[in-house]
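Student: Residue numbering for the sequence shown follows this note's numbering, starting at 7 and increasing by one per position.
Handing you a structure now.
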Amino acid sequence: MKPITIEDVARLSGVSRGTVSRVINGSQNVNRETRKRVLEVIEKLGYRPNQNARRTAGGRSSTVGIVIPMIGTEFYERLIKSMEGKLRAQLYSMMLFPVLKRDWVSKVMLHDVPSSDAAGIFLCSFDIEHLFASFRKPFEGPTVLVDSYSPLYDSIYIDNELGGYLAGRKFSQLEGSIHVIMMQESIDSAFWPVFNSRLKGFQKALLESGKELAQKNLHAYDFSWSAGALAARDIFDNDRPPFNIFAMSDLYAFGVMREAQLRGLRVGRDVKLVGYDDQSVARDWGITTVRQPIEQMGEKAVDMMLERLKRPAKEVESVCLKPEMVERESA
Numbered sequence: 007m008k009p010i011t012i013e014d015v016a017r018l019s020g021v022s023r024g025t026v027s028r029v030i031n032g033s034q035n036v037n038r039e040t041r042k043r044v045l046e047v048i049e050k051l052g053y054r055p056n057q058n059a060r061r062t063a064g065g066r067s068s069t070v071g072i073v074i075p076m077i078g079t080e081f082y083e084r085l086i087k088s089m090e091g092k093l094r095a096q097l098y099s100m101m102l103f104p105v106l107k108r109d110w111v112s113k114v115m116l117h118d119v120p121s122s123d124a125a126g127i128f129l130c131s132f133d134i135e136h137l138f139a140s141f142r143k144p145f146e147g148p149t150v151l152v153d154s155y156s157p158l159y160d161s162i163y164i165d166n167e168l169g170g171y172l173a174g175r176k177f178s179q180l181e182g183s184i185h186v187i188m189m190q191e192s193i194d195s196a197f198w199p200v201f202n203s204r205l206k207g208f209q210k211a212l213l214e215s216g217k218e219l220a221q222k223n224l225h226a227y228d229f230s231w232s233a234g235a236l237a238a239r240d241i242f243d244n245d246r247p248p249f250n251i252f253a254m255s256d257l258y259a260f261g262v263m264r265e266a267q268l269r270g271l272r273v274g275r276d277v278k279l280v281g282y283d284d285q286s287v288a289r290d291w292g293i294t295t296v297r298q299p300i301e302q303m304g305e306k307a308v309d310m311m312l313e314r315l316k317r318p319a320k321e322v323e324s325v326c327l328k329p330e331m332v333e334r335e336s337a
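Laid out in C-alpha cells, this is it:
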C-alpha cells in the first residue's frame with residue numbers, strides 16, 4: 007500500500023504543501039477553519055510525519071510534540087499560541103498531534119511521537135489515570151502535563167474546583183432555581199476530568215450557603231455552543247424565571263444567550279448567567295465568567311519542559327494556577 011504523503015493531505019484539504027507543514031508545526035499563521043480542516047484530513051488519512059527533527063548544537067532534537075484532544079476551539083488556539091511563541095524564542099519548533107478519540111492516544115504515544123524524534127512531549131488535558139495503567143504512559147521521553155495533574159510527571163494545571171466554587175458563591179446569593187450545563191462524561195471521561203472538578207467546587211459552595219443543586223437541574227451535553235442552546239431550551243421550557251445558569255464553558259454560555267434572545271428573555275435580569283474560560287465571546291457579549299490564565303499556563307509549561315530537558319533527573323514539579331471571577335452584565 008502506497009504510504010500517505012504530505013501532498014495527499016494538501017490535495018484533500020485544498021491547501022498548499024506549505025500550509026499543511028505550518029499546521030503540523032503549530033504555526034499560528036493559519037486561520038482557524040483551515041487548521042481544523044487540515045487536522046481532520048490528517049486524522050482521516052492516518053497521516054503521521056516521519057521526519058528527522060531539527061537538532062540543537064548539542065545534537066538533541068529541537069522539536070517538541072503537543073498532543074491535544076480537540077481542534078478548532080479558542081482555548082487550545084490560545085494555549086498553543088502562547089507555547090509556540092516561547093518555544094520559538096528558544097529555537098524550538100512544535101509538532102501537533104490531534105487525538106480526537108480516546109483509543110487513538112496510545113497509538114500516537116507508542117508510534118507517532120517516537121517516529122517524530124521529538125525531544126519531549128506536552129500532553130494537554132488528558133487524565134493519565136484513565137488513559138494508561140498505573141499512570142504510566144508509553145512515551146518515556148521528557149513529558150509535561152498541561153491542564154491536568156499527575157504526581158509522576160511535571161504538570162501545570164488550573165484549580166478547576168476553585169473555579170467552580172467561585173461560581174457557586176455567586177449563585178448562592180441569588181433567588182430562584184439553579185441549573186448547570188456541563189460536558190457529558192460518557193463522551194470521553196479521559197479528556198474532561200476538569201468538568202467534574204468544577205462541579206465539585208460548585209456544589210461545595212452551594213452547600214455552604216444552605217442550598218443544593220437538584221439532580222434534574224444538571225444538564226449534560228456534547229461540547230458546542232448549540233448544545234448550550236439546547237440545554238437552555240430545556241431549562242426555559244420546564245422551569246420559571248428567574249433562571250440561574252452556570253455554563254461550564256463560555257461556548258455553552260453563548261448558546262444560552264442566543265436562546266434567551268430568541269425568547270425575549272433579558273440576560274442579567276430574567277436569566278442570570280455565568281460562564282467559564284473568559285473567551286472572546288464572553289467579553290463581546292458581557293458574560294460574567296470564571297477566567298482561566300490560559301496564556302500563563304502555556305508559557306509556564308514551556309519553562310518546565312526546557313528545564314526538564316536541561317536537567318532530566320530533577321524532582322517532579324507541579325504548578326497549580328488560580329482562576330478568578332470576572333464580573334460583567336450577565337449576572
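Glycine included, C-beta positions come from ideal geometry on N, C-alpha and C.
Do residue 252 and residue 234 count as a contact pair if the criterion is CB distance below 9 Å?
Tutor: Cβ distance not < 9 Å, so residue 234 and residue 252 don't count as in contact.
Student: Taking the runs of the beta strand (DSSP E) that are 3 residues or longer, which of them lie wholly in the segment 203 to 269?
Tutor: Runs found: 224 to 227, 249 to 253.
Student: Using the C-alpha atoms, what's the distance from residue 200 back to residue 316?
Tutor: Cα-Cα distance, rounded: 31 Å.
Student: In three-state DSSP terms, what is residue 354?
Tutor: Nothing can be reported for residue 354: it is not among the residues displayed for the chain, which extend from 7 to 337.
Student: Where does residue 203 land, buried or exposed, given buried means 16+ other C-beta within 10 angstroms?
Tutor: Label assigned to residue 203: buried.
Student: Tell me, please, which residues DSSP counts as bridged to residue 306.
Tutor: Looking at the DSSP assignment, residue 306 forms no beta bridge with any residue, so it has no partner.
Student: Measure the Cβ-Cβ separation of residue 266 and residue 185 and say whether it is below 9 Å.
Tutor: Not a contact, by the Cβ cut-off of 9 Å.
Student: How is the beta strand (DSSP E) around residue 149 delimited, first residue to last?
Tutor: Taken as a continuous stretch (DSSP letters only), the beta strand (DSSP E) holding residue 149 covers 149 to 152.
Student: Go ahead and pull the three-state DSSP assignment for residue 271.
Tutor: Looking at residue 271 - three-state DSSP - the assignment turns out to be coil, as it is neither helix nor strand.
Student: Does DSSP put residue 297 in a helix, in a strand, or in coil?
Tutor: DSSP places residue 297 in strand when its eight states are reduced to three.
Student: Taking residue 153 as the reference, give the member of 337, 332, 327, 209 with the closest Cα.
Tutor: Ranking the options by Cα distance to residue 153, first place goes to 327.
Student: List the residues that DSSP assigns as beta-bridge partners of residue 129.
Tutor: Per DSSP, 73, 151.
Student: Could you have a look at residue 10 and say whether DSSP puts it in helix, strand or coil?
Tutor: In the structure shown, residue 10 sits in coil (DSSP, three-state: anything other than H, G, I, E or B).
Student: So what does DSSP say about residue 287, is it helix, strand or coil?
Tutor: Correct three-state label for residue 287: helix.
Student: Between the C-alpha atoms of residue 330 and residue 296, what's the straight-line distance to the nearest angstrom?
Tutor: Roughly 6 Å separates the two Cα atoms.
Student: For residue 292, I'd like the list of residues in its chain whose CB is within less than 7 Å of its CB, leaving aside the five on either flank, ordered along the chain.
Tutor: Cβ neighbours of residue 292 beyond the five flanking positions: 334, 335, 336.
Student: Excluding the five sequence neighbours on either side, which residues of its own chain have a C-beta within less than 6 Å of the C-beta of residue 43, listed in chain order?
Tutor: So the qualifying residues of the chain are 19.
Student: Here's the rule: buried if 16 or more other CB atoms are within 10 angstroms of the residue's CB, otherwise exposed. What is residue 275?
Tutor: Per the 10 Å Cβ criterion, exposed.
Student: Taking the beta strand (DSSP E) that residue 181 belongs to, which residues open and close that run?
Tutor: Counting along the chain, residue 181 falls outside any beta strand (DSSP E), and DSSP gives it neither H nor E.
Student: Taking 8 Å as the line, does the beta carbon of residue 43 fall inside it for any heavy atom of the ligand NAP?
Tutor: Looking at this structure, you won't find the ligand NAP or any other ligand, since it has none at all.
Student: In whole angstroms, what is the alpha-carbon distance linking residue 302 and residue 87?
Tutor: Cα-Cα distance, rounded: 11 Å.
Student: With DSSP run on the structure shown, which of helix, strand or coil describes residue 278?
Tutor: Reduced to three states, the DSSP call for residue 278 is strand.
Student: Which of helix, strand or coil does DSSP assign to residue 330?
Tutor: Three-state result, residue 330: strand.
Student: Helix, strand or coil for residue 324, going by three-state DSSP, please let me know.
Tutor: In this structure, residue 324 counts as strand in the three-state DSSP scheme.
Student: Out of 215, 231, 250, which has the shortest C-alpha to C-alpha gap to residue 224?
Tutor: Considering only alpha carbons, the answer is 250.
Student: Could you check where the alpha helix (DSSP H) with residue 27 kicks off and where it finishes?
Tutor: It spans 23 to 30 - the alpha helix (DSSP H) in which residue 27 sits, taken as one unbroken run.
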